[in-house]
Amino acid sequence: MMADISKLMDNEVVMAFASYTTIILSKMMFMSAATGFSRMTRKAFVNPEDCASFGKGENAKKFLRTDDRVERIRRAHLNDLENIVPFLGIGLLYSLSGPDLSTALLHFRLFVGARIYHTISYLLPLPQPNRALGFFIGYGVTISMAYRLLKSKLYL
Amino acid sequence: MMADISKLMDNEVVMAFASYTTIILSKMMFMSAATGFSRMTRKAFVNPEDCASFGKGENAKKFLRTDDRVERIRRAHLNDLENIVPFLGIGLLYSLSGPDLSTALLHFRLFVGARIYHTISYLLPLPQPNRALGFFIGYGVTISMAYRLLKSKLYL
Amino acid sequence: MMADISKLMDNEVVMAFASYTTIILSKMMFMSAATGFSRMTRKAFVNPEDCASFGKGENAKKFLRTDDRVERIRRAHLNDLENIVPFLGIGLLYSLSGPDLSTALLHFRLFVGARIYHTISYLLPLPQPNRALGFFIGYGVTISMAYRLLKSKLYL
Numbered sequence: 001m002m003a004d005i006s007k008l009m010d011n012e013v014v015m016a017f018a019s020y021t022t023i024i025l026s027k028m029m030f031m032s033a034a035t036g037f038s039r040m041t042r043k044a045f046v047n048p049e050d051c052a053s054f055g056k057g058e059n060a061k062k063f064l065r066t067d068d069r070v071e072r073i074r075r076a077h078l079n080d081l082e083n084i085v086p087f088l089g090i091g092l093l094y095s096l097s098g099p100d101l102s103t104a105l106l107h108f109r110l111f112v113g114a115r116i117y118h119t120i121s122y123l124l125p126l127p128q129p130n131r132a133l134g135f136f137i138g139y140g141v142t143i144s145m146a147y148r149l150l151k152s153k154l155y156l
Numbered sequence: 001m002m003a004d005i006s007k008l009m010d011n012e013v014v015m016a017f018a019s020y021t022t023i024i025l026s027k028m029m030f031m032s033a034a035t036g037f038s039r040m041t042r043k044a045f046v047n048p049e050d051c052a053s054f055g056k057g058e059n060a061k062k063f064l065r066t067d068d069r070v071e072r073i074r075r076a077h078l079n080d081l082e083n084i085v086p087f088l089g090i091g092l093l094y095s096l097s098g099p100d101l102s103t104a105l106l107h108f109r110l111f112v113g114a115r116i117y118h119t120i121s122y123l124l125p126l127p128q129p130n131r132a133l134g135f136f137i138g139y140g141v142t143i144s145m146a147y148r149l150l151k152s153k154l155y156l
Numbered sequence: 001m002m003a004d005i006s007k008l009m010d011n012e013v014v015m016a017f018a019s020y021t022t023i024i025l026s027k028m029m030f031m032s033a034a035t036g037f038s039r040m041t042r043k044a045f046v047n048p049e050d051c052a053s054f055g056k057g058e059n060a061k062k063f064l065r066t067d068d069r070v071e072r073i074r075r076a077h078l079n080d081l082e083n084i085v086p087f088l089g090i091g092l093l094y095s096l097s098g099p100d101l102s103t104a105l106l107h108f109r110l111f112v113g114a115r116i117y118h119t120i121s122y123l124l125p126l127p128q129p130n131r132a133l134g135f136f137i138g139y140g141v142t143i144s145m146a147y148r149l150l151k152s153k154l155y156l
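Chains as they are written, first to last, in full-length UniProt numbering: chain A, 1 to 156; chain B, 1 to 156; chain C, 1 to 156.
Okay, structure coming up:
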């Protein structure tokens with residue numbers, strides 16, 4: 001029984017999917033830390049209890065504000081969520097559908113590279129179309145896996 | 001080894017889950033494209049670098065604004081994320097728990113149909129309770145799968 | 001074939017992952033219901049069609065407003081999404097990588113407990129660092145699973 005499970009993770013495509021997924025999800029989690037850190041350094045909070053230590057009453061209220069830098073990180077984070085969730089679902093099912101190893105690796109590497117490039121373009125920021133390019137490569141990779149999955153395994 | 005993996009995707013419930021999941025995640029990805037498209041046509045941007053090509057300095061600033069249409073698409077997208085993520089996780093584990101094929105198909109079809117109906121109701125928009133109905137059918141399907149999963153396979 | 005699938009769910013770690021995932025995703029879905037309920041009781045809507053039954057024209061417009069309570073629930077919900085999505089992806093792959101049962105259970109229980117504590121801290125609200133503690137325990141658990149996964153199964 002344990003052996004059967006291990007066999008699933010011995011499959012090279014599944015192992016590669018696990019590795020790239022873990023990397024890109026860790027990168028996404030970094031955005032949470034970056035948001036928290038930028039809220040602290042820029043003193044821009046949204047919950048009254050978060051800035052209670054900076055003062056009381058009216059004095060604390062001035063820290064309840066939006067900040068361009070914080071909002072930019074939050075947008076990059078939400079864009080990650082919107083794009084990594086489809087990659088997770090479609091990529092897992094694609095990996096289980098027995099694709100060619102080199103084709104699968106190409107998909108995973110392009111996606112992870114494109115999303116890291118997207119984050120860098122968003123945070124610096126780089127002029128467009130840098131961020132758009134990162135977005136569309138990641139988008140295209142996911143659509144390509146969805147297409148191969150539906151073509152080979154459609155069951156409605 | 002490869003054979004074991006293929007067997008997983010030869011299971012009809014898993015294949016059906018893969019097909020419906022790929023369809024509904026592709027629909028969700030369409031919301032990203034719709035947001036980008038409506039930002040372009042309505043000239044309503046949130047990042048200064050996105051409207052740099054429309055003018056410089058003060059002239060570009062007028063394009064940094066929120067637009068009702070764009071915000072509506074973004075709300076539909078976020079509602080998708082909030083509801084499709086639980087479907088992904090619970091649905092995958094439900095599919096692996098060996099449910100009856102016809103029961104599983106009923107769940108997947110209802111969910112995908114309800115979420116498409118939710119999006120149409122949100123974007124047109126249709127009067128309530130159209131959107132609420134789409135939401136609650138999808139919600140109920142996921143709760144039903146969660147209930148069956150916990151009833152048959154609870155291990156805490 | 002059906003037997004192979006059942007075997008996957010007979011694995012105790014996978015069963016435990018399925019149980020805890022279903023619980024935490026159900027808790028996350030509760031946030032949707034809480035948002036809807038608080039919008040109703042506090043009469044604070046964002047879509048004109050949602051408050052059409054409360055009056056027409058100018059009379060309905062006063063219900064299109066943001067409310068601190070509703071926004072707090074929405075922030076707790078988004079924080080759930082941002083943290084449960086990495087747990088879903090990394091946790092599933094970690095479960096398939098054949099970890100020790102007691103170690104795996106420790107990870108799952110800590111994560112689910114920490115996220116429930118985070119929600120309670122956010123909604124009451126409790127003073128900081130209660131919510132921060134809930135956040136960091138969940139975050140640490142996911143990072144720990146990612147580390148073990150990459151250490152044992154890295155394939156790039």
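Glycine included, each C-beta is placed from N, C-alpha and C at the ideal position.
Neighbours of A:Gly-89 across chain B, judged by C-beta separation under 7 Å: Thr-21, Leu-25 and Leu-88. Inclusion of C:Ile-24 and C:Ile-84 in the CB contact set at 8 Å is warranted, their separation being smaller than that value. Within the region 26 to 41 of chain A, the residues whose Cβ lies closer than 7 Å to some Cβ of chain C are Ser-26, Met-28, Met-29 and Ser-32, listed in chain order. For B:Phe-45, the pairing in a beta bridge is given by DSSP as B:Leu-64.
Measuring C-alpha to C-alpha distances from C:Lys-27 to each of C:Arg-69, C:Ala-76, C:Asn-11 and C:Ala-16 identifies C:Ala-76 as the nearest.
Listed in chain order, the non-local C-beta contacts of C:Leu-105 below 7 Å within the same chain comprise Ala-16, local neighbours out to five positions each way being set aside. When the five nearest sequence neighbours on each side are left out, the beta carbons in the same chain lying within less than 6 Å of the beta carbon of A:Arg-65 are those of Ala-44, in order along the chain.
Taking the beta carbon of B:Ala-146 as reference, the chain C residues within 9 Å of it are Thr-22, Ile-23, Leu-25, Ser-26 and Met-29, listed in sequence order. In the three-state reduction of the DSSP assignment, B:Pro-129 falls in the coil class.
Listed in chain order, the non-local C-beta contacts of C:Arg-131 below 8 Å within the same chain comprise His-118, Ser-121, Tyr-122 and Pro-125, local neighbours out to five positions each way being set aside. Taking a Cβ-Cβ threshold of 8 Å, the residues of chain A close to B:Ala-16 are Tyr-155 and Leu-156, in chain order. Look at the beta carbons and you see the region 130 to 147 of chain C touching the region 81 to 96 of chain C: at least three pairs across the two are nearer than 8 Å. In the three-state reduction of the DSSP assignment, A:Ser-97 falls in the coil class, being assigned neither a helical nor a strand state. Annotated as distal: B:Lys-153 and C:Ser-95, with beta-carbon spacing of 8 Å or more. DSSP places B:Asn-11 in the coil class of the three-state scheme, outside both helix and strand. Around B:Leu-149, the beta-carbon contacts reaching into chain C at under 7 Å are Ala-18 and Thr-22. At the C-beta level, C:Arg-69 and C:Ser-38 come within 8 Å of one another. The beta carbon of C:His-107 does not come within 8 Å of any beta carbon belonging to chain B, so the residue lies off that interface.
In terms of beta-carbon proximity, C:Asp-50 lines the interface with chain B, with at least one pair separated by less than 8 Å. Taking the beta carbon of C:His-118 as reference, no residue of chain B falls within 7 Å; the closest one sits roughly 17 Å away.
Sequence-distant partners of B:Phe-54 (beyond 5 residues in either direction) whose C-beta falls short of 8 Å from its own C-beta, in its chain, are Lys-43, Ala-60 and Phe-63.
Contact annotation, B:Glu-82 with C:Leu-110: C-beta distance approximately 24 Å; criterion of less than 8 Å not satisfied. The three-state secondary structure of B:Leu-105, taken from DSSP, is helix. A Cβ-Cβ contact shorter than 8 Å links A:Leu-149 with A:Ser-97. Within 8 Å of the CB of A:Leu-81, the CB atoms of chain C belong to Leu-81, Glu-82 and Val-85, in sequence order along the chain.
Think of a sphere of 7 Å around the beta carbon of A:Leu-93: the chain B residues whose beta carbon falls inside it are Ala-18, Thr-21 and Thr-22, in chain order. B:Asp-100 and B:Met-145 have their alpha carbons spaced roughly 12 Å apart. Taking each of C:Ala-52, C:Thr-35 and C:Gly-113 in turn and checking the Cα distance to C:Asp-67, the smallest one comes out for C:Thr-35.
At least 8 Å separates the CB of A:Arg-74 from every CB of chain B. Comparing C-alpha distances from B:Leu-156 to each of C:Gly-113, C:Lys-151 and C:Pro-127 shows the shortest one belongs to C:Gly-113. A straight-line Cα-Cα distance of about 14 Å links C:Thr-41 and C:Ile-73. At a cut-off of 8 Å between C-beta atoms, B:Glu-12 counts as an interface residue with respect to chain A.
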